[in-house]
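*Asks:* At position 166 of the sequence shown (counting the first as 1) the number is 245 in my numbering, and the numbers step up by one without a gap. Note that the Cβ used here is the ideal one computed from N, Cα and C, for glycine as well. Quantities reported herein were computed from a predicted structural model and do not represent experimental measurements.
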Amino acid sequence: MLKKLKYFIKRKKFDHRRKKFAPYTKGIIYNTENGIIAMSHEDMMIGKSLGRKGSWNSKEIHSLRKIVQSEDVIYFIGTHVGTLLIPIATHCQKVIGYEANPETFWFLKKNVVFNDLENVELFNLAVGDSKKKMRFIQNRMNTGGSKVKPIINDFRYKFDNPEEIEVDMVALDNHKEELALPAADGIVMDIEGAEYFALQGMKTTLESARFLYMEYVPHHLKNVSNIKNTELINLVVPYFTKAVSQATGKEFDLTVNTQDLISFLDYLDQNDKSDDFLFKEN
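(1) Taking C-alpha atoms, which residue in 347, 351, 287 lies nearest to residue 360?
(2) Taking the beta strand (DSSP E) that residue 332 belongs to, which residues open and close that run?
(3) Less than 8 Å between the CB atoms is what I'm expecting for residue 115 and residue 108, so what's the real figure, rounded?
(4) Please state whether the Cβ-Cβ distance between residue 201 and residue 176 is less than 7 Å.
(5) So what does residue 283 bridge to, in DSSP terms?
(6) Cα-Cα, which of 249, 300, 313, 117 is closest to residue 273?
(7) Check residue 275 in the structure and name its three-state DSSP category.
(8) Alpha carbon to alpha carbon, how far is residue 261 from residue 102?
(9) With a Cβ-Cβ cutoff of 7 Å, do residue 216 and residue 181 count as a contact?
(10) Pull up the distance between the alpha-carbon of residue 189 and that of residue 168, whole angstroms please.
(11) Counting along the chain, where does the alpha helix (DSSP H) carrying residue 144 start and finish?
(12) Could you check what DSSP says for residue 260 in three-state terms: helix, strand or coil?
(13) Would the beta-carbon of residue 303 fall within 7 Å of that of residue 357?
(14) Are the beta-carbon atoms belonging to residue 293 and residue 268 less than 7 Å from one another?
(15) So the candidates are 297, 243, 219, 312; which of them puts its Cα closest to the Cα of residue 123?
(16) Can you list, in chain order, the stretches of the alpha helix (DSSP H) that have 4 or more residues and sit fully within the segment 169-195?
(17) How would you label residue 144, buried or exposed, when you count the other beta carbons within 10 angstroms and need 16 or more for buried?
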């Protein structure tokens, strides 16, 4: 009940924010630590942080810059408007980005131009286990929360009356081979619970990757993919030897066993806590 009240209040704030802007407003441009970022004026999550703090996910940027090397090719699966892609693109040889949401992708392309980046290649595609059409929900209050339509719907995904559209999905391995894209040195993935499907379609890509940086949100995994933590980790373990929780700094040796990591994920699940994980080789 309290959670529903919280989202009801958020919806009221969202409606109030929308009324502040003229009806033909497309978005807002922010000059931030992340770069020059344009995005929807309706966004009250990332947009609010960019406008008031001048940054978004600074810790994540600094963590990735420590492991990204100047000659690296980095794949971003779920770019959003580029708040992470843009600052990382200035530290590596090439970035290849995939974003399913066409509205977000429109801003992403503009942001690459605004920041004078010439080493970025973008695709308006969802990444999953195969080539097909998928239903997709476009959230407005938190545009970064837009996602492949969940198997199990939840009030948290629909309180701002998102539009449901159809998007094209590809398996990364096949798409990379068809276009002769370069091998990945690193992968950054944040696709709101669809990571399980994407991992199934990128096994060859993972073989060349030195690291995988991936968001973990328990309710996304359960509702979007409808799987357990063990099923997700089993897709990652063959390629990496260590996992590091970005929230706690806790390290897990995957060569010894995976149960410690799975138990930690179960703890996050039981307490409805999110985290980012860096999977890497020793």
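*Replies:* Judging by the given coordinates:
(1) Cα-wise, what sits closest to residue 360 is 287.
(2) Unbroken beta strand (DSSP E) run through residue 332: 330-332.
(3) So it is a contact: roughly 7 Å between Cβ atoms.
(4) Their beta carbons are under 7 Å apart, which means residue 201 touches residue 176 by this criterion.
(5) Bridge pairing for residue 283: absent [DSSP].
(6) Minimum Cα distance to residue 273 is reached at 300.
(7) Helix.
(8) Cα to Cα, residue 261 sits roughly 43 Å from residue 102.
(9) For residue 216 and residue 181, no; Cβs fall outside 7 Å.
(10) Rounded to whole angstroms, residue 189 and residue 168 show a C-alpha spacing of 15 Å.
(11) Boundaries of the alpha helix (DSSP H) harbouring residue 144: 137-146, taken from the DSSP string.
(12) It is coil, neither helix nor strand.
(13) No, they are not a contact pair.
(14) Result yes, Cβ atoms of residue 293 and residue 268 sit closer than 7 Å.
(15) Its Cα nearest to that of residue 123, the residue 219 stands out among 297, 243, 219, 312.
(16) With a minimum length of 4 residues, the unbroken runs of alpha helix (DSSP H) contained wholly in the segment 169-195 fall at 181-193.
(17) When all chains shown are included, residue 144 counts as exposed.
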